[in-house]
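Have a look at the structure below, then the notes.
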Amino acid sequence: MAELREPDLPRTMKVRQGPLRSGWTTGTCASAAARAAALMLVGGEPQQQVDVALPSGNRVGFAVERCELLRPGRAEAVVVKDAGDDPDVTHGAHLTATVAWREEPGIELHGGVGVGVVTKPGLGLEVGGPAINPVPRAMITQAVGEVVDVATRGVDVTISVPDGEIRARKTTNAKLGILGGISILGTTGIVRPFSTASWRASVEQAVSVAAAQGETAIVLCTGGRTEKGAMALIPSLPDVCFVEVGDFTGAALRRAVEGGMERAVFVGMVGKLTKLAAGVLMTHYTRSKVDTNVLAEITAEVGTPAEVVAAVAAANTARHAYELWDAAGVLAPAGLLLCERVADVMTRFSEGRLASEVAMVDFTGRAVIASTGGVLLP
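Each residue of the sequence shown is one higher than the one before, starting from 547 at the first, in the numbering used here.
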């Protein structure tokens, strides 16, 4: 039985007075730089300001730090990242996009200096390719496609970050097998300051608001994608019951108990679920790591061959273990066992005062892979 632990936040994370300021992801800044460079390539005019579309469809404007024609047929632009009040090592980074004509129609995306190269599986990216995640890839493609008719003309787009390799030393990239620089990340395009003491306070407040409205159930989600998936999964509950809990599951459960709530549902992806199954209720990356031994135990319990158990134990990430489960045909039963372990941890942490249900979703946040079922979950 896993020992329950709720590590404290790093001492450097203090509660801020007043609201925290949101910022922009590396993906959004890269797409803005790419649009500016494409405009320079097509029209020959340096850009001082550009706007790009977020995944939500909203458009936001960015100042362009530098925009120039390097030579005929090749332009470059720079947008400086503003991470808002998030403690982000990429704040102030110069996201640089170089756009050049090529013979074949379409867009070819490359990673340049300071953008990491993927060397291990389990990240949902091609091994050997640049660490540019799917949503930023789509944003960059859209930003350039709004300027260039890529059905008839071709462009090479290279994203680079001059000091990215130095900045990456302050991240976990090397342990994950991302070498030589930072990752170009983002799912919403916006950086919200999740990993701070103020975010913990906002989670506790959100649970208190639901309890004060007489709601008896709370649904904890790790982020925006899982929250949308959870709302679709449990349409019977009002929006106030759904809380983006981030790293602070323990704080949310404690506040739910204090508010007299009766039921807690957790909807998440494999990484957070693995930490919770190991008994860790505060899952900030500086205070907890994924224990693949937990996943290996589950792999063995569902009757998987020894070589698969060993591969899961040595997995690079929880996502890598998920992919190994999928390849071995045990994703659903292993996922169910993982959910059951998390439900047990939640029940024990709340000293039995909250009936707990858990669902594991895929990496889109929309498809349920496994669920303990119950009163609220199918």
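Ideal placement from N, C-alpha and C gives every residue a C-beta, glycine not left out. These figures come from a predicted structure and were not determined experimentally.
Per-residue DSSP class, three states only, for residue i
i           : result
residue 546 : The chain is shown only over 547 to 924; residue 546 falls outside these bounds and no answer can be derived.
residue 651 : coil
residue 690 : helix
residue 646 : strand
residue 616 : strand
residue 671 : coil
residue 590 : coil
residue 621 : strand
residue 729 : coil
residue 895 : helix
residue 766 : strand
CB contact flag (residue i, residue j, <7 angstroms)
i           : j           : result
residue 948 : residue 696 : This structure gives no information on residue 948, because the portion of the chain shown stretches from 547 to 924.
residue 825 : residue 749 : no
residue 881 : residue 916 : yes
residue 820 : residue 848 : no
residue 730 : residue 573 : yes
residue 705 : residue 661 : yes
residue 844 : residue 883 : yes
residue 838 : residue 861 : yes
residue 885 : residue 863 : no
residue 802 : residue 753 : yes
residue 610 : residue 623 : yes
residue 807 : residue 850 : no
Distance between residue j and residue i (C-alpha atoms, nearest Å)
i           : j           : result
residue 583 : residue 691 : 12 angstroms
residue 793 : residue 619 : 46 angstroms
residue 685 : residue 866 : 25 angstroms
residue 777 : residue 804 : 24 angstroms
residue 790 : residue 725 : 31 angstroms
residue 670 : residue 625 : 26 angstroms
residue 833 : residue 872 : Low per-residue confidence applies at residue 833: pLDDT is 49, beneath 50, and the placement is therefore not dependable, though the value from the model is reported in the following sentence. Cα to Cα, residue 833 sits roughly 29 angstroms from residue 872.
residue 716 : residue 592 : 34 angstroms
residue 575 : residue 702 : 18 angstroms
residue 676 : residue 874 : 27 angstroms
residue 651 : residue 772 : 36 angstroms
residue 734 : residue 876 : 31 angstroms
residue 613 : residue 887 : 53 angstroms
residue 858 : residue 722 : 15 angstroms
residue 812 : residue 758 : 20 angstroms
residue 710 : residue 679 : 16 angstroms
residue 727 : residue 649 : 29 angstroms
residue 594 : residue 585 : 11 angstroms
residue 687 : residue 899 : 49 angstroms
Selection from the options that minimises the alpha carbon distance to residue i
i           : options               : result
residue 646 : 683, 655 and 846      : 655
residue 809 : 827, 818, 783 and 816 : 783
residue 547 : 855, 822, 612 and 657 : 822
residue 799 : 767, 815, 773 and 912 : 767
residue 628 : 637, 594 and 580      : 637
residue 921 : 908, 781 and 863      : 781
residue 615 : 597, 606 and 589      : 589
residue 689 : 923, 700 and 578      : 578
residue 770 : 814, 709 and 899      : 814
residue 644 : 587, 722 and 727      : 587
residue 581 : 596, 612 and 898      : 596
residue 608 : 571, 617, 665 and 621 : 571
residue 827 : 896, 714 and 601      : 896
residue 630 : 568, 665 and 751      : 568
Suppose only complete runs of 3+ residues qualify. What are the beta strand (DSSP E) ranges in the segment 700 to 727, listed by chain order? 700 to 706
Extract the residue ranges of the beta strand (DSSP E) inside the segment 784 to 842, only unbroken runs of 3 or more that lie entirely within it. 788 to 790 and 809 to 814
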